[in-house]
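Okay, structure first, notes after.
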Amino acid sequence: MNDAAAIDYAVIHPRAAPHIRTGRTAWLRANLFSGVFSSIATLLVAAAALWLGWHAFDWGVLHAVWKADADTCQAARGIGACWGVVAEKGRFIIMGRYPHAEHWRPLLAMAILLTLVVGSCMPRCWKGALLVPAWVLGLASCFMLMAGGVLGLQKVPTDQWGGLPLTLMLTVLSMALAFPLAVLVALGRRSNMPAIRSLCTLYVELIRGVPLISVLFMASFMFPLFLPPGKSPDVLVRIVAGITLFTAAYMAEIVRGGLQSLGKGQVEAAASVGLGYWQTQRKVVLPQALGASVPSIMNTFISLLKDTSLVTIVSMYELTGALSLALASDPNWRPFKIEGYLFIAAIYFALCFSMSRYSLSLERRLARSKQH
């Protein structure tokens, strides 16, 4: 006992808890100022960004011409931007060659399309069976408004459709038609029936082996040659069919990748409780596969929105084509096409950014559902 009591125990004084480095300052230190070279590179990039930003602000705001005056814009060339071209040609850029007195019709059609898209993105609208009838009724209303010829509306041929309404219609309609086709093709490529699997594989490889511009040329110019004179579908129908088939081929591979990410145990578990093939796909396999494919599907949607600009080559003047048409017919405003393209770029950015934000929110929602 005396020996044990004589043992000298060292006293360990309490130390402060480790400092958790979080927040903006810690992020800046870790990512931008972690060392000498990193700090120098950050400062150089920041200086270049400030220099470019100031010159862009000086050109686009301080010395810009805002009124639709061609002479004033000509005097300011090289000094400031001419946003007067947007004020002068903006209506034509947005609506294309659609009759001026009937512009309320494409505006209402765009409102219906955007309402359908936004409503379909809201989870509260996913319940029930009203979404599909709403889409059918909404798309029929859009075509009725744009084409006319009924209810006392003036008939407007499809070759006069253009601008932003045509861009949105091509994107939304092609995506709505391509999605179910892509799911069927993806399931067909995994089928146990050799004929179906080979047919789906041939379709995907054939469409993915050519650019979209070739598909549009075939749909617009080559396809009517195989039909009797006067029996060819409208050019808009042919273009929508071509874009739909092209998009479905790429999306089918995305869906197939999502299907392959699921283990066989999912299908075996569904079969053990008596579910048939289509019940298994609808209730077990496809919800998980499509959830895993959300980023790629949204990326395809964004690419489709931008790829609609290619329809200009087949004489359908969507947003970018309408700008070229508006400036080509007026030499006074032709030198200011850069400002016009910046205006169009802002519209594309707003649409694409909105879709990417929705994709991120949907991914977070799916991630939370997997945690519970």
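Number 1375 in this note's numbering belongs to position 121 of the sequence shown; there are no gaps in the numbering. Positions of the beta carbon are idealized from the N, C-alpha and C atoms, including for glycine. Since the model is a prediction, treat every value here as computed from it, not as a measurement.
Is it the case that the Cβ atoms of residue i and residue j are separated by a distance below 9 Å?
i: residue 1277; j: residue 1351; result: no
i: residue 1436; j: residue 1524; result: no
i: residue 1504; j: residue 1554; result: yes
i: residue 1306; j: residue 1368; result: no
i: residue 1395; j: residue 1385; result: no
i: residue 1580; j: residue 1343; result: yes
i: residue 1576; j: residue 1346; result: yes
i: residue 1511; j: residue 1550; result: yes
i: residue 1538; j: residue 1565; result: no
i: residue 1444; j: residue 1514; result: yes
i: residue 1630; j: residue 1606; result: Nothing can be reported for residue 1630: it is not among the residues displayed for the chain, which extend from 1255 to 1626.
i: residue 1388; j: residue 1405; result: no
i: residue 1412; j: residue 1325; result: no
i: residue 1293; j: residue 1304; result: no
i: residue 1377; j: residue 1611; result: no
i: residue 1546; j: residue 1502; result: no
i: residue 1492; j: residue 1474; result: yes
i: residue 1589; j: residue 1328; result: yes
Taking all protein chains shown into account, decide if residue i is buried (16 or more other Cβ within 10 angstroms of its Cβ) or exposed.
i: residue 1281; result: exposed
i: residue 1255; result: The predicted model places residue 1255 with a pLDDT of 49, which falls under 50 and marks its position as unreliable, so this point remains unresolved.
i: residue 1561; result: buried
i: residue 1585; result: exposed
i: residue 1497; result: buried
i: residue 1571; result: buried
i: residue 1596; result: exposed
i: residue 1469; result: buried
i: residue 1264; result: exposed
i: residue 1476; result: exposed
i: residue 1460; result: exposed
i: residue 1358; result: exposed
i: residue 1490; result: buried
i: residue 1298; result: exposed
i: residue 1380; result: exposed
i: residue 1364; result: buried
Thinking residue i and residue j are a contact (beta carbons under 8 Å), I'd like their distance in whole angstroms, please.
i: residue 1337; j: residue 1320; result: 5 Å
i: residue 1548; j: residue 1441; result: In fact, because the Cβ distance is near 18 Å, the residues do not count as touching under 8 Å.
i: residue 1556; j: residue 1418; result: So it is not a contact: roughly 16 Å between Cβ atoms.
i: residue 1408; j: residue 1360; result: Not a contact, Cβ separation roughly 13 Å.
i: residue 1393; j: residue 1362; result: 14 Å between Cβ atoms; not a contact.
Pull the bridge partners of residue i from the DSSP assignment, please.
i: residue 1572; result: 1417
i: residue 1336; result: 1319
In whole angstroms, what is the alpha-carbon distance linking residue i and residue j?
i: residue 1578; j: residue 1563; result: 11 Å
i: residue 1536; j: residue 1456; result: 25 Å
i: residue 1313; j: residue 1356; result: 36 Å
i: residue 1400; j: residue 1568; result: 20 Å
i: residue 1509; j: residue 1543; result: 7 Å
i: residue 1332; j: residue 1318; result: 10 Å
i: residue 1288; j: residue 1614; result: 29 Å
i: residue 1390; j: residue 1372; result: 15 Å
i: residue 1609; j: residue 1482; result: 42 Å
i: residue 1334; j: residue 1591; result: 14 Å
i: residue 1465; j: residue 1499; result: 12 Å
i: residue 1340; j: residue 1478; result: 38 Å
i: residue 1402; j: residue 1410; result: 6 Å
i: residue 1315; j: residue 1599; result: 17 Å
i: residue 1269; j: residue 1279; result: 24 Å
i: residue 1480; j: residue 1471; result: 14 Å
i: residue 1635; j: residue 1425; result: Not covered by the structure: residue 1635. The range shown for the chain is 1255 to 1626.
i: residue 1594; j: residue 1621; result: 41 Å
i: residue 1526; j: residue 1283; result: 55 Å
i: residue 1266; j: residue 1517; result: 54 Å
i: residue 1430; j: residue 1398; result: 18 Å
i: residue 1322; j: residue 1348; result: 17 Å
i: residue 1519; j: residue 1530; result: 15 Å
i: residue 1447; j: residue 1486; result: 35 Å
i: residue 1330; j: residue 1552; result: 42 Å
i: residue 1301; j: residue 1420; result: 42 Å
i: residue 1450; j: residue 1458; result: 12 Å
i: residue 1582; j: residue 1439; result: 43 Å
i: residue 1467; j: residue 1587; result: 29 Å
Return yes when the C-beta of residue i is under 8 Å from any heavy atom of the ligand PLP, and no when it is not.
i: residue 1447; result: Annotation note on the ligand PLP: not contained in the displayed structure, which lists no ligands.
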